[in-house]
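Counted the way my numbering counts, the sequence shown spans residues 562 to 1211.
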Amino acid sequence: MSDTIRLDGRVLYLSQDPAVMDAQLAGRNFTRATAGALRDNVSTDEITPVTVMLTYDERLEQYPYVGFKAGERMPIGRNAVKDGGFQVTVAGKRYGKGSSRESSPLAELSAGIRLIVAESFERIYQQNCDNIGILTTTDFSVLDRLIAGEAVPIDEFLKGRDALTQQIIRSGGLLAYSRFADWPAPRVRDHAGNGAQAAEPRTLVEKIIERHLHPGIAHAERGDGVFIAADWRFSHDYFTGMCAHLMHRAFGKPAPLHAPDHIIAFQDHLVLAPQSIPHVRDGLLPGVANLMEGHTSFSRDYPVRSHGALDSMLGSEGICHALMAEQYVLPGEVACGTDSHTPHSGALGCLAFGAGATDIANSWVTGYVRCKVAQTLRIEIDGSLRDGVTAKDVVLHLLHMDAIRSGGAIGLVFEYGGAAVRAMSIDERATLTNMVAELGGFTGIVEPDERTVAFLKERRGVDFTLESWMKSDAGAAYHDTIRIDAGGIEPMLARPGDPGNGVPAPQLEEDVAINIAYGGSCTAGKREDFDFYHEVLRWGVEQGMQVPAGTRLYLQFGTMAVRAYCEAQGYLPVFERAGVTLVMPGCGSCANCGPGQSADASDVTISAINRNFPGRSGPGNVWLASPYTVAASALAGKITTFEQLKRARG
562 MSDTIRLDGR VLYLSQDPAV MDAQLAGRNF TRATAGALRD NVSTDEITPV TVMLTYDERL
622 EQYPYVGFKA GERMPIGRNA VKDGGFQVTV AGKRYGKGSS RESSPLAELS AGIRLIVAES
682 FERIYQQNCD NIGILTTTDF SVLDRLIAGE AVPIDEFLKG RDALTQQIIR SGGLLAYSRF
742 ADWPAPRVRD HAGNGAQAAE PRTLVEKIIE RHLHPGIAHA ERGDGVFIAA DWRFSHDYFT
802 GMCAHLMHRA FGKPAPLHAP DHIIAFQDHL VLAPQSIPHV RDGLLPGVAN LMEGHTSFSR
862 DYPVRSHGAL DSMLGSEGIC HALMAEQYVL PGEVACGTDS HTPHSGALGC LAFGAGATDI
922 ANSWVTGYVR CKVAQTLRIE IDGSLRDGVT AKDVVLHLLH MDAIRSGGAI GLVFEYGGAA
982 VRAMSIDERA TLTNMVAELG GFTGIVEPDE RTVAFLKERR GVDFTLESWM KSDAGAAYHD
1042 TIRIDAGGIE PMLARPGDPG NGVPAPQLEE DVAINIAYGG SCTAGKREDF DFYHEVLRWG
1102 VEQGMQVPAG TRLYLQFGTM AVRAYCEAQG YLPVFERAGV TLVMPGCGSC ANCGPGQSAD
1162 ASDVTISAIN RNFPGRSGPG NVWLASPYTV AASALAGKIT TFEQLKRARG
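Written as structure tokens, this is what we have:
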């Protein structure tokens, strides 16, 4: 990369004012002062909606920001950024929230964007920018200098970044760096690191990182950027083709994969596209076929593990995160995948985190993945949850807190503990760790215990013995500790637009009619989630209730093993009598690609998925809630909790 950066193009301010956006696209230049308030929480669903992610190369240049919402409009059309000659994008807080999709920065880069200036960035998004060669900064004075015509030294864009990241940025990206780096065979170290006793108490994640460090790194301190050996590396059908494309460009074809039996390719995100409204209506299925060919050719050409589509019906063997916990990852291991919800498996006491396509492509060949030794935020949940309050309510409660909404937890490890967490099943713990993606953290983890051992035995037939090092040390240093009284948490909702728009359900002042209720996804398609759905719907059937006309309730299994569980438990006849539409495993409406998505902007959905960014599940408004509240609301035809529904029938 050049030693200095000059501004040769225009600056695009992502303003809250749609008129400002229109004027910029028409050719008028603004300043930060005249652009008005900048948009916070610009998500990757807005930068590149899933319906445009049908290629995995530079053809994405047509699409950056086509889902961006200013006011009530989406003012940026296809090719607008490229045709407008923009070189810099400017936004507010928490830029790049949501999915780990590297399609977003690749689209920006391909359209001519070379620098993004924002008040703060989400971890995966910024790392993806580093990896492909987009510069980022939170220093708005750098933007002022560029606008004034100054050639700004590259060093200005390295401030505050760890030494490894600085090297990668200077190299022009991860794969350019990787070609000249040393990649010895990965090995797991003694838990103290090089056989020596650790000098200070450490958290569980710090211990896992220490055990998996690249041999060229003797010791890592908090804040250091490191490469660690990954026990498991996976991709899914949206990004396998992109990963393979990047890998082959950097390492040749065929590429020399490291431990291919520990690489997994999941076909789960796009399997329901033939039932997806926009994919069918807008003629997008050929694009889906293009992505699927990239995925299946990799699975066919290399001896990797693969989980594919069902032979007899639309659906897959299961969603990648659920299958990783059900079949692969063990306590103390490292897993990385092309999805921001990879921390799901942290419920088992492992280090699991999402990464972009470049990181995964590099890991396939080297066996190593890049991360930062992040500080840990301890979430101590004491006491007992009320009846009808679940882990989903806990996460929505956390998301509603100012410290989280402001981005104060970006890049941190969420370590969950306390009596309420110890009482949770692994399925419920997985909801806590899964939604660290929405909380802005690096990963989530729960110390493995006897419940973990029982889960591994019951679900996988694995006899696992916990080791003494598999817990945080007494006296370990934490960034902060948030203490929550579990008994004070009420059933929660998140208003449309962002998972942080929390409101306790009993405080909802108006009746909100719904026409879609959806329970499923990696977050809410587990066994215990279906226990919750069944508990509500069985009660409703016994009361003579069913889902009313004008409302549809979709329940989607996270894996086929969950469906088999529901069948064995006798749940399916109850679901049929209640009027449920059952959907086979796949990401489906959570990725706006299958049954349960909205069809019109007037649709109102209550959903147990993990995020409700604009356009995430279709054009309608999506409220987030727990499985209990979703099922109860479906029976009532309006948003209500199970407790409120029972009182209303009493």
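Glycine included, every Cβ here is placed at the ideal spot set by N, Cα and C.
Name the residue from T1190, E622 and R783 whose alpha carbon lies nearest to the alpha carbon of T1228.
Because the chain here runs from 562 to 1211, residue 1228 falls outside it and cannot be looked at.
Mapping DSSP to helix, strand and coil, what is W1030?
Note: W1030 maps to coil in three-state DSSP.
Does the separation of the CB atoms of S1159 and L1185 fall below 8 Å?
no
Take V849 as the anchor and find which of G1155, R1177 and N1171 has the nearest alpha-carbon.
When C-alpha distances from V849 are compared across G1155, R1177 and N1171, the shortest belongs to G1155.
Between N640, G646 and A1195, which lies nearest to L1116 when the distance is taken from Cα to Cα?
A1195
Looking at the strands, I want to know which residues DSSP matches up with V678.
V651 and T698
Top-ranked residue by Cα proximity to E999, from Y656, I637, L1206 and D564
Y656
Can you tell which of Q728, R750, T1042 and A1122 has its C-alpha closest to the C-alpha of A742?
Q728
Going by C-alpha distance, which of A712, G570, D705 and L575 is nearest R675?
G570
Give every residue of the same chain whose Cβ lies closer than 7 Å to the Cβ of I778, excluding the five residues on either side of it in the sequence, and list them in chain order.
Contacts found: V787.
Straight-line gap, L891 to L831 (C-alpha atoms, nearest Å)
28 Å
Let me make sure I understand the geometry here. Which of A1129, R866, S1187 and G784 has the alpha-carbon closest to that of R722?
G784
What does the alpha-carbon distance come out to for the pair D862 and D822?
When rounded, the distance between both Cα atoms is 13 Å.
Per the contact definition of three or more C-beta pairs closer than 8 Å, is the stretch 835-852 in contact with the stretch 607-622?
yes
Run through DSSP, which three-state label would F827 get?
strand
Which class does V849 belong to by DSSP, given the choice of helix, strand or coil?
For V849, the secondary structure class from DSSP, reduced to helix, strand or coil, is helix.
Could you pull out every unbroken beta strand (DSSP E) segment of at least 3 residues lying fully inside the stretch 689-739, listed in chain order?
696-698
Taking all protein chains shown into account, do 16 or more other C-beta atoms lie within 10 angstroms of the C-beta of F590, making it buried, or fewer, making it exposed?
Checking the sequence shown, residue 590 turns out to be Asn, not Phe. Burial call: exposed.
Are F827 and C881 touching if we call contact CB-CB under 8 Å?
yes
Can you tell me whether R772 is buried or exposed? The criterion is at least 16 other CB atoms within 10 Å of its CB, across all chains shown.
buried
Contacts around Q1107, its chain only, beta-carbon distance under 6 Å, and the 5 residues preceding and following it disregarded
A1139 and G1140
Excluding the 5 residues flanking T698 on each side, which residues of the same chain have their C-beta closer than 6 Å to its C-beta?
V678 and F718
Near L735, which residues of its chain fall below 6 Å by C-beta distance, leaving aside the five closest residues on each side in sequence?
N692, I729, T919 and N923
Within 10 angstroms of the Cβ of D988, are there 16 or more other Cβ atoms? Answer buried if so, exposed if not.
buried
Would you list the one or two residues that DSSP bridges to F800?
Answer is none; F800 lacks a bridge partner.
Please name the residue in E1204, A883 and V934 whose C-alpha comes closest to that of A1085.
A883
State the start and end residues of the unbroken beta strand (DSSP E) segment that holds A1195.
Counting along the chain, A1195 falls outside any beta strand (DSSP E), though it belongs to the alpha helix (DSSP H) covering P1188 to A1197.
Taking Cβ to Cβ, would you say T1004 is nearer than 8 Å to A1110?
no
Straight-line CA distance for D1041 to I940?
9 Å
Quick one, are the C-beta atoms of A540 and G1002 less than 8 Å apart?
In the structure displayed, the chain extends from 562 to 1211; residue 540 sits before or after that span and is not available.
Three or more beta-carbon pairs under 8 Å between the stretch 646-662 and the stretch 598-605, yes or no?
yes
Spell out the partners DSSP gives Y656 in its beta bridges.
F682
What is the C-beta distance between A1074 and G1198, in whole angstroms, given that I count them as a contact (C-beta under 8 Å)?
Sure, about 6 Å apart at Cβ, within 8 Å.
Which residues mark the beginning and the end of the beta strand (DSSP E) in which H868 is found?
R866 to H868
Euclidean distance between Cα positions of P1057 and S1187
For P1057 and S1187, the distance between alpha carbons rounds to 15 Å.
Assess contact between the stretch 867-874 and the stretch 1043-1063, defined as three or more Cβ pairs (one per stretch) separated by less than 8 Å. Is contact present?
no
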